[in-house]
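Count along the sequence shown from 1, then add 1271; that gives the number in the numbering used here. Note that CB positions come from ideal geometry on N, CA and C, so glycine has one too. Source: prediction; values computed, not measured.
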Amino acid sequence: MTFQIPLSPSMRMMLMYDVNGLEYQNILGENPSLMRRSNHPNHFLTSDEQALLQQAVSEAEMQTSAQIKVVMVRHCWGKLNDKAAKLFTKYGLDQLPDRNGVLILLVLANRELLIYGDQGINEKVTDDFWVSIHTGMVKAFKANEMGSGLANGIKQIGKALEAYFPKGDDHDNPVDDQVAFEA
């Protein structure tokens, strides 16, 4: 597992977790059923898992003004950081006034997970927070519990951000709560 904190051109903090290499081999060795999951974003999660994730995002955002978006892509040609930055902008997470957007990006073919937190969040939380979220997700992934692993991570993110970004009465939901699937 590699952990990097590079600055993007817009000076937002990015946290990248790469589960390739040895850890990827361990995931496959411990649970070969992961290989039976499709690498196509539209078929990776079951409909129940998709509903679980949407519910987790909705519940997390009921408590905080932060916005969370889960995006799954089949491949990432080029740098994963660049892809995340483009998706962050595409889904409007860069337009939040408190700079409190979170993008959870899964690259299915490579089994990569990237958590992209905006500057407002990274000024409040420590690196250990992101590491603990990642560790919990990867542990669930190894047990072939993709939906529940992502949902639990989303709930933890929402609970932590509630302290820093409580939801106000006038807060709307500018980012769709559904999981986005990109080819």
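Can you look up residue i in the DSSP assignment and give me helix, strand or coil?
i, result
"F1436", "coil"
"G1429", "helix"
"A1411", "helix"
"A1454", "coil"
"D1369", "coil"
"E1294", "In this prediction, E1294 has a pLDDT of 37, which is less than 50 and means its spatial position is unreliable; what the coordinates show is noted afterwards. Three-state DSSP puts E1294 in a helix."
Check for me: the alpha helix (DSSP H) holding residue i runs from which residue to which?
i, result
"E1330", "1318-1334"
"G1388", "That residue, G1388, is in no alpha helix (DSSP H); its beta strand (DSSP E) goes 1383-1388."
"K1395", "Neither: K1395 is in no alpha helix (DSSP H) and is coded neither H nor E."
"K1357", "1351-1361"
For the beta strand (DSSP E) that residue i lies in, which residues bound it at each end?
i, result
"V1342", "1338-1344"
"L1376", "1372-1378"
Excluding sequence positions up to five away, which residues of its chain have a Cβ less than 8 Å from the Cβ of residue i?
i, result
"I1404", "I1386, G1424, Q1427, I1428"
Please look up how many angstroms separate the CB atoms of residue i and residue j, rounded, as I've assumed it's under 8 Å.
i, j, result
"R1345", "A1454", "6 Å"
Could you check if residue i is buried or exposed, using at least 16 other CB atoms within 10 Å of its CB as the buried criterion?
i, result
"Q1338", "buried"
"P1445", "exposed"
"G1349", "exposed"
"T1406", "exposed"
"G1439", "exposed"
"Q1390", "buried"
If I measure Cβ to Cβ from residue i and keep anything under 6 Å in the same chain, skipping five residues before and after, which residues do I get?
i, result
"Q1321", "V1450"
"E1394", "none"
"L1432", "T1335, A1337"
"V1342", "L1358, L1376, A1451"
The ligand ADP heavy atoms versus the CB of residue i: any closer than 8 Å?
i, result
"L1323", "Only the bare structure without any ligand can be found here, which leaves the ligand ADP out of the picture."
Short of 7 Å in beta carbon distance, which residues of its chain neighbour residue i, apart from the five on each side in sequence? Order them along the chain.
i, result
"A1327", "A1422, I1425, K1426"
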